[in-house]
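Structure first, commentary second.
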Amino acid sequence: MLMSLLFYAWGEPKLVVLFIITIFVNWFSGLIMTRWGRWIGAVAIVLDVLVLFVFKYLNWTVGILCNVFDAELITFKEIALPIGISFYTFQAISYVADVMNGKVVAKKNPIDVGLYIAFFPQLIAGPIVRYTDIEKQIQDRRVTITAFSDGVIRFLAGFSKKVILADSMAVIVEKAYEILGDGELGAAFAWLGAVAYMFQIFLDFSAYSDMAIGLGAMFGFRIPENFNKPYMASSIRDFWRRWHISLSIWFRDYVYIPLGGNRNGKTYFNITVVWLLTGLWHGASLNYIIWGGAYGILVMAEKALHIENRFHKKKVYAWLYRVFTLIIVLVLWVLFRAENMTIAGRYLSSMFNFGTANTGRDAPWMYFCEMRFELLICALLSFVSLPERIRSNEWYQGMKAMVLLFLFFVSVSYLVKGNYSPFLYFNF
Amino acid sequence: MKKKLLFIFSGVFVVYIVAMMLLTIVFSFIDFKLYTPKAVIKNNLTIELPFINTYGGFQRLLDKQTIEDFSIFKNTFGQLVVPYREVSIEETKTRLNSIVSICDYCNGIGIPTLYLRSLLPVSDVKDLPYYGIDNSHINFNNLGDLLASAEIPVIDLNSDCIIQTIDSKDRFYYTDHHWSTYSAFETFLITADYMSSFQGLSCDKRFLNLDNYTKLTYPNSFLGSYGIKVGKYYTGKDDFTVFVPKLETSFHFIGYDSSRNIMIEKEGDWFNCLSDREKINDPNFNNKHSSWTNGQSIEYSIVNRLSENNTKVLLIAHSYGRPLAQYLSLCYHEVRQLDPQKGRFTGNFLDYIDEYKPDVVLFLVEFEGDLIGEYNTEKAMDVNTSYEDGRH
């Protein structure tokens with residue numbers, strides 16, 4: 000736990016104090032809840048949400064109020080967002096809620112809770128682990144050479160994905176938005192940029208999860224999976240069963256079900272709340288709320304129209320709906336990436352502005368040709384799933400290990416060259 | 000078998016990480032400063048170069064035609080070139096004013112001038128991948144028109160029939176932004192011939208004959224300013240060539256810094272006195288171009304002790320000028336070079352000319368059709384005219 004706190008302090012030397020207080024408050028509330036009652040847990044959760052609100056949403060809320068009332072209500076210094084606050088706060092809430100519900104016995108040793116919240120591999124950008132997922136390993140973990148090696152392989156896969164692929168896609172994305180800022184973005188570059196971002200966000204985020212899972216395995220922890228080929232989803236609902244799985248489960252277990260789920264006749268209201276919160280969780284911006292809201296509407300539409308049952312009877316329809324899902328996801332990523340709704344609107348209209356073409360140094364085909372191998376590998380990693388018999392083959396695993404070791408050295412050389420950008424989900 | 004393989008695999012990874020950590024700790028300990036592994040690597044080229052080579056090798060494997068975020072291109076011969084941005088005519092005019100002022104001033108006191116138009120690295124945009132994105136020719140043509148209207152004597156090395164005899168692949172290094180020894184040497188021949196024929200300046204013509212030189216080549220020894228970004232596996236290393244005179248020579252060299260303090264002073268024959276032989280012979284030293292005229296002096300003087308004439312040549316030039324000055328020194332009594340690049344020679348050019356009284360002033364100040372340098376010429380602006388007065 001100490002190393003995890005040092006790791007956090009390296010990135011957030013001042014706000015590590017807030018982090019330690021969060022750990023202490025949640026551990027202590029769990030401890031005294033058994034004597035003083037469940038209301039202590041509720042207070043702890045309110046405090047967690049309040050801290051998250053102050054650091055993540057207060058600036059934004061005050062800004063909106065100022066706009067609405069056309070006045071300068073209060074002036075205060077811009078509050079910096081602590082690294083990983085959305086992730087560790089959700090883990091802390093999950094621990095307290097599980098103690099409240101009797102799913103977890105309150106831990107007497109603060110190091111147990113501290114290690115659970117602060118465990119450095121997944122501290123910054125998830126997966127959002129539940130206490131029950133790693134409870135046994137906190138008490139009694141074993142490091143074996145096989146698990147360690149598997150962890151190294153997984154870590155290297157994530158590392159290479161991030162440095163070689165995700166950051167290469169970032170070059171195309173940055174260029175697309177740069178052209179949009181400078182003048183007119185043609186349809187070809189707009190689509191190329193949108194596809195590149197679709198790959199970038201998947202590979203960037205899943206790479207972090209791979210590295211977290213890999214590092215966890217090296218230290219004897221089994222961190223749950225966070226992605227399952229999301230771009231192969233057969234519907235929007237299926238997409239969210241495959242994308243950022245730990246967040247979807249968290250909202251299901253700690254928001255949707257406590258609200259009544261689909262049992263109290265307010266199913267659509269509950270879905271709306273969950274998706275607006277999902278959008279808001281990603282950041283204090285109208286873009287994220289609209290992005291989350293759009294998914295909420297699509298999920299409700301699929302549920303109401305029984306889309307998954309209807310379209311999946313025939314293979315052709317199923318595939319058509321799969322493509323439709325992918326296009327929707329791609330378009331909604333534009334809302335997610337753009338700084339505000341005006342830019343998002345301009346970008347989306349550029350995607351259908353077929354009369355304009357970027358040439359010279361902004362020619363999309365130059366970027367496409369130069370990144371063709373990276374794009375191909377991104378597509379393979381996103382859309383192709385190897386059969387289990389190949390994945391479990393010893394020769395395949397040996398080859399994979401060798402290739403990843405080679406790619407690791409290549410990735411380090413990319414880092415030395417300075418060709419990298421921070422993880423996208425660090426912002427959340 | 001699988002277990003053994005995994006054991007080796009994990010071992011390599013762990014050893015690598017531990018080695019990086021140890022390296023970081025050792026360097027932090029030596030310098031009493033907390034370093035990151037990246038800082039340790041970046042601060043030491045010997046450690047950094049294998050990483051750069053790995054990176055460049057992988058870029059080649061991926062068949063990349065551009066590097067450094069689409070800023071450097073590999074042309075059809077495998078040379079690295081930077082497509083140049085377009086410079087506005089107004090900007091070019093403003094920059095040319097200073098050159099015109101110096102030329103006007105020299106003409107006023109009877110010193111001839113000669114402006115050498117640098118070779119363009121991109122001789123044909125079809126040689127570039129994703130062709131049609133280089134603007135150096137536009138800049139070159141705009142500047143050419145302005146030079147013509149200013150009536151400055153010009154040698155255009157791009158159009159001259161002699162320079163065209165050099166194969167376009169050999170005009171520039173593959174890994175560097177500088178022109179090759181071949182180009183510099185040919186320019187020397189053309190320039191000396193021109194100054195002798197049209198400006199009546201005495202010159203030791205024995206050195207205009209290639210038979211009086213020995214060609215020394217140091218194969219695969221030069222990794223220039225572009226190549227150092229991607230290492231030797233991306234486009235290979237350049238051969239470094241020097242034409243060394245066979246005849247007896249004796250020189251005195253003095254190099255100055257920006258405050259006119261002597262940085263280096265040497266005596267000896269042409270090659271030993273004017274070239275940094277240590278840099279040339281060191282296999283780990285990559286930037287061989289900096290061996291010309293003993294490196295990075297902002298101002299230097301080369302005196303030819305065996306010269307049969309008293310001709311003094313002032314060369315106002317960026318780093319292209321170093322090999323040219325070194326060869327010109329063979330034919331004249333003294334050659335001096337001032338580097339006008341930003342932050343280098345900051346003195347007044349006209350005062351310098353007044354003090355030195357050269358027999359000719361040469362300019363080699365273009366890079367990819369654009370004018371390089373900052374020129375302090377206040378005196379000329381007062382006494383004489385500027386380009387924009389419309390006298391030219």
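So the protein sequences, as listed, match chains A and B.
Anchor point for the first sequence: position 127 equals 126 in numbering that gives the first Met the number 0, and the numbering is continuous, going up by one each time.
Anchor point for the second sequence: position 338 equals 337 in numbering that gives the first Met the number 0, and the numbering is continuous, going up by one each time.
Beta carbons are placed, not taken as given, at the ideal position from N, Cα and C, and that holds for glycine.
Query raised in the report: Closest to A79/A by CA distance: which of W364/A, L57/A, L64/A, A91/A is it?
Result: Of W364/A, L57/A, L64/A, A91/A, the residue nearest in Cα terms is L57/A.
Query raised in the report: Can you tell me where the beta strand (DSSP E) with S85/A in it begins and where it stops?
Result: From DSSP, S85/A is part of no beta strand (DSSP E) but of the alpha helix (DSSP H) over 84–99.
Query raised in the report: Around the Cβ of T216/B, are there at least 16 other Cβ atoms within 10 angstroms (buried) or fewer (exposed)?
Result: With fewer than 16 other Cβ atoms within 10 Å, it is exposed.
Query - Bounding residues of the alpha helix (DSSP H) (the contiguous stretch that carries I270/A) - result: Its alpha helix (DSSP H) spans residues 266–281.
Query - Cutoff 9 Å: Q64/B Cβ touching any chain A Cβ - result: Using beta-carbon distances, Q64/B counts as an interface residue toward chain A, with a partner under 9 Å.
Query raised in the report: Hey, G113/A and W26/A are a contact pair by Cβ (cut 8 Å); roughly how many whole angstroms apart?
Result: Contact flag correct, Cβ pair sits at about 7 Å.
Query raised in the report: Candidates K37/B, Y193/B, A324/B: which alpha carbon is nearest F252/B's?
Result: Considering only alpha carbons, the answer is A324/B.
Requested in this report: Answer yes or no: does any C-beta atom of chain B fall closer than 9 Å to that of K416/A?
Outcome: For K416/A, a Cβ of chain B is located within less than 9 Å of the residue's own Cβ.
Requested in this report: For F147/A, count neighbouring Cβ atoms within 10 angstroms of its own Cβ and tell me buried if that reaches 16, exposed if not.
Outcome: In this structure F147/A is buried. Its beta-carbon is surrounded by 16 or more other beta-carbon atoms within 10 angstroms.
Query raised in the report: So is F118/A in contact with chain B if we call contact Cβ pairs under 9 Å?
Result: No - not a single Cβ of chain B is within 9 Å of the one on F118/A.
Query raised in the report: Based on the DSSP secondary-structure assignment, which residues constitute the bridge partners of S300/B?
Result: Paired residue(s): I253/B, R335/B.
Query raised in the report: Rounded C-beta distance between G55/B and Y232/B? I'm assuming under 8 Å.
Result: A Cβ-Cβ separation of about 5 Å places G55/B in contact with Y232/B under the 8 Å criterion.
**Report entry** Closest Cα partner of Y176/A within the set A193/A, S167/A, L164/A, D166/A
**Finding:** The shortest C-alpha separation from Y176/A is found at A193/A.
Query - Paired residues, beta bridge with A316/B - DSSP - result: DSSP lists L363/B as the beta-bridge partner residues of A316/B.
**Report entry** Spatial distance of R388/A from K399/A (CA atoms)
**Finding:** Rounded to whole angstroms, R388/A to K399/A spans 15 Å at the Cα level.
Report task. List the residues of chain B whose Cβ lies closer than 9 Å to the Cβ of L80/A, in chain order. Result -> Neighbours of L80/A on chain B: none; closest Cβ ~23 Å, over 9 Å.
Query raised in the report: Per DSSP, what kind of secondary structure is E264/B in: helix, strand or coil?
Result: E264/B: strand per DSSP, three-state reduction.
Query raised in the report: Residues bridged to F221/B by DSSP?
Result: In DSSP, F221/B forms a bridge with D237/B.
Query raised in the report: Using the beta-carbon of each residue, which ones in chain B are nearer than 7 Å to A362/A?
Result: Y129, listed in chain order.
Report task. Can you tell me which of the three DSSP states K278/B falls into? Result -> The answer is helix: DSSP assigns K278/B an H, G or I state.
Query raised in the report: Can the beta-carbon of A149/B be found closer than 9 Å to that of V99/B?
Result: Yes, they are a contact pair.
Report task. For H311/A, collect the residues of the same chain with a Cβ closer than 7 Å to its Cβ; drop the 5 residues on either side in sequence, then sort them by chain order. Result -> Closer than 7 Å at Cβ, skipping near neighbours: S233, A317.
Query raised in the report: Is it buried or exposed for N66/A, if we count other Cβ within 10 angstroms and need 16 for buried?
Result: Exposed: under 16 other Cβ atoms inside 10 Å.
Query raised in the report: Which residue from G199/B, L200/B, N208/B, E298/B puts its Cα closest to that of E185/B?
Result: Closest by alpha carbon: N208/B.
Query raised in the report: Does the segment 194–210 of chain A touch the segment 147–161 of chain A, meaning 3 or more C-beta pairs lie closer than 8 Å?
Result: Yes, the segment 147–161 of chain A is in contact with the segment 194–210 of chain A.
Query raised in the report: Got a sec: which bits of the segment 261–290 of chain A sit with their beta carbon under 9 Å from any beta carbon on chain B, in order along the chain?
Result: Answer set for the segment 261–290 of chain A: empty.
Report task. Find the nearest neighbour of I71/B within the set I371/B, P36/B, T174/B, judged by alpha-carbon distance. Result -> Check the Cα spacing between I71/B and each of I371/B, P36/B, T174/B: the tightest is with T174/B.
Query raised in the report: Do you know whose CA, among E393/A, I289/A, L258/A, Y207/A, lies nearest S420/A's CA?
Result: Among E393/A, I289/A, L258/A, Y207/A, the Cα nearest to that of S420/A is on Y207/A.
Query raised in the report: When DSSP builds the beta bridges, which residues end up paired with P53/B?
Result: A quick correction: the sequence has Thr, not Pro, at residue 53/B. None, per the DSSP bridge assignment.
Report task. Return the residue from the list R221/A, L297/A, M370/A that minimises the CA-CA distance to R69/B. Result -> In the sequence as presented, Arg is not what sits at residue 69/B; that position holds Phe. For F69/B, the nearest C-alpha among the options comes from M370/A.
Requested in this report: Could you check which residue in L21/B, P82/B, G294/B has the C-alpha nearest to that of E264/B?
Outcome: With distances taken between Cα atoms, E264/B lies closest to G294/B.
Query raised in the report: Of the residues V241/B, D358/B, R170/B, which one's Cα is nearest the Cα of C202/B?
Result: Of the residues V241/B, D358/B, R170/B, the one whose Cα lies closest to the Cα of C202/B is D358/B.
Query raised in the report: Would a C-beta distance cut-off of 9 Å place I270/A and G295/A closer than the cut-off?
Result: Yes; because the gap between Cβ atoms is below 9 Å, this pair is in contact.
Query raised in the report: Does any residue of chain C bring its CB to less than 9 Å from the CB of T376/B?
Result: In the displayed structure, chain C is absent; the protein chains listed are A and B.
Requested in this report: Could you tell me which chain B residues have their CB closer than 9 Å to the CB of V151/A, listed as they occur along the chain?
Outcome: The answer, in chain order, is L5, F8, S9, F12, V13.
Query raised in the report: Can you find a C-beta in chain A that's less than 9 Å from the C-beta of L222/B?
Result: No, because no Cβ of chain A sits closer than 9 Å to the Cβ of L222/B.
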